[in-house]
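Notes follow the structure.
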Amino acid sequence: MAQLLTRRLAWIALAVLLANLVLIWAYYGSDREALEDKVVERRMAVMEAALIASDDGGYRIESGARALFETHPAAYGFALLGPEDRLLDQANDDLIPANTLESSRFADDWIARLPGEGTQLVVASHTVGPPAADLRLVFVARGDPANLLGFALLAELVGHIAVPLVPAILLLLGANALMVHRSLGPVTRAAVWARALHPGARNTAPPPETGLKEIDELLDATGRALDSLTQALSAETRRAAEAAHALRTPLAAVTARLDELPEGEATQRLRRDMAQLSRTVRQILASANADMVAIEPGARADLRAIAQAVVATLAPVAIRRGAELELQCQTPSLEVAGDSEAITLALTNLVENAIVHAGGRITVTVGPDAGLSVRDRGPGLPEGDPDHLFEAFRQGPAAPATGAGLGLSIVARIQRAHRGAVTARGHPDGGAEFHLAFGESR
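Using the numbering used here, you'd call the opening residue of the sequence shown number 1 and step up by one each time.
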């Protein structure tokens, strides 16, 4: 918002600047005589500054101010007159009407416009130098081949706009940026508080006091809305947990009765189906809990210890399915800000997916960056955008029909709660690799 307000003020300032440019341009463009007066005034000032005393006690115009007359001998001329109209210096004096050199016939300072052959002749007289020297300078211009009018107009634009307006505009923009930044400070504090909110988070900091009634009311409404959302989410989690717990008892009973059946192919298929059903129930419960993950301030999770625990727990499962688990630690210790139980659940889901869908050798890697990786040597990722894999109930074409499609969705939500990310890619040497990235580490 600060940038928007500053940008709009800058556009307004630019419009004011352009309006002044147009007005000054129109004024002098419609009044050529006023602009010619400015040219004469500037030229007289330049030549008076170049006035120097000569060796014979008189005065002359130094060479640096004579370039205009040497370059355009048919357009510009001057005469420097001393006491009793004595000619001290001149250039192209043939352009100067003879009667203009007689001081007795004119005042000392004047500008006249005389008709000429197709081009008006501008003649001006001005007293210059020390008063005791009694010097008078006569300047003549026929036409404007040196574009003195254009330079005079540019000088007027600079003098009326660049010098007074531009510094004022810059000062105004700077003061506006400072005031807007300070005025929006409460909004910035409110935004920082709002970004830290998370449904289900515990020990949520109270909203900051901004001193602005409208923002305080908005923060209060946001806090109450978050409380309502947290309560609704807790209710959903509770219902999912109650359903999962209610299913566990009959599942355990059915599994126990399976042990009473004679061994055979049908019994083995039933055991596999019951194992998959038990995993689905666990995932339903985990899916509900994933939305309630809250990272307590100062909570740390040891990724190396988590990886070791997950590999040790799932190794028997991998062996029963003919898979092989290995752990590679590229750093002796790696801690991140996070919840150990949630990260354990995320890594467990990735390893279980690799066991079920790929088999073979599965490598869990800790580090070297703040993350965990799970690589398999299976058929790789399905065609399409890998991000679709993390959508709820999304299953690959070769996934078992009994799967629920919740595992990777749970992982993605846990990583979002940790302000991290989970990515999937096909490994160059075959198979797929999933990576859990975390922000802060040590």
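No residue lacks a Cβ here, since even glycine has one placed at the ideal position from N, Cα and C.
Spatial distance of residue i from residue j (CA atoms)
i: L88; j: G159; result: 34 Å
i: T402; j: R272; result: Note that T402 scores 47 on pLDDT, short of 50, meaning its location in the model is unreliable and no value can be drawn from it.
i: V411; j: A225; result: 27 Å
i: L173; j: A19; result: 18 Å
i: P428; j: A301; result: 31 Å
i: P97; j: V22; result: 38 Å
i: E383; j: H357; result: 15 Å
i: M274; j: T348; result: 19 Å
i: V192; j: A221; result: 16 Å
i: P262; j: T331; result: 50 Å
i: A74; j: R86; result: 24 Å
i: N99; j: E84; result: 14 Å
i: R43; j: G150; result: 13 Å
i: L17; j: N176; result: 17 Å
i: L14; j: V187; result: 28 Å
i: R321; j: D227; result: 45 Å
i: Q231; j: E391; result: 24 Å
i: E296; j: G264; result: 50 Å
i: P386; j: V166; result: 54 Å
i: D55; j: D31; result: 43 Å
i: G223; j: S340; result: 28 Å
i: G58; j: L95; result: 23 Å
C-beta contact flag for residue i and residue j at 7 Å
i: I111; j: A132; result: no
i: G426; j: L372; result: no
i: L334; j: R361; result: no
i: A168; j: Y76; result: no
i: F69; j: F139; result: no
i: R60; j: A91; result: no
i: E36; j: V122; result: yes
i: D109; j: H126; result: yes
i: A370; j: V336; result: yes
i: L219; j: P207; result: yes
Cβ-based neighbour list, residue i, same chain, cut-off 6 Å, excluding 5 preceding and 5 following
i: I318; result: The sequence shown places Ala at residue 318, rather than the Ile named in the question. Only L325, I355 meet the Cβ criterion.
i: V364; result: A307, V311, L327, V374
i: F434; result: L350, V374, A424
i: D216; result: T210
i: R113; result: Q120, V122
i: G367; result: Q330, T331, L334
Exposure label - residue i; buried when at least 16 CB within 10 Å
i: D376; result: buried
i: L178; result: exposed
i: R136; result: buried
i: K213; result: exposed
i: A417; result: buried
i: R8; result: exposed
i: A323; result: buried
i: A49; result: exposed
i: A152; result: buried
Closer than 7 Å to chain B by CB, residue i
i: G143; result: You won't find chain B in this structure, because it holds only one protein chain.
Which listed residue (the options) has its alpha carbon closest to that of residue i
i: R419; options: G430, F438, G431; result: F438
i: A53; options: G129, P316, V364; result: G129
i: G298; options: I306, E265, L51, G338; result: G338
i: T210; options: A190, A34, A175, M47; result: A190
i: W11; options: L170, G430, A323; result: L170
i: L154; options: T313, E33, A253, V39; result: V39
i: P379; options: G359, V366, N176, F390; result: G359
i: L389; options: P208, P83, A432, L345; result: A432
i: M47; options: G58, S63, D56; result: S63
i: T71; options: E263, T119, L218, A146; result: A146
i: L277; options: D55, L148, V16, V254; result: V254
i: E33; options: E102, L95, L148, A15; result: L148
i: L51; options: E84, L80, A26; result: L80
i: G82; options: D134, D56, D31; result: D134
i: L157; options: A26, P115, E391; result: A26
Check: residue i C-beta below 6 Å from any heavy atom of the ligand MN
i: R304; result: The ligand MN is absent from the structure shown, which contains no ligand whatsoever.
Contacting residues, own chain, Cβ-Cβ under 8 Å from residue i (five flanking each side not counted)
i: A346; result: I410, V411, I414, Q415, V422, L436
i: L258; result: T267, L270, R271, M274
i: E352; result: R279, L314, V317, G407
i: T6; result: L173, N176, A177, V180
i: A45; result: none
7 Å Cβ shell around residue i - same chain, five flanking residues per side excluded
i: D93; result: G77, A79
i: L101; result: A79, L81, D85, V138
i: T344; result: I306, A309, V310
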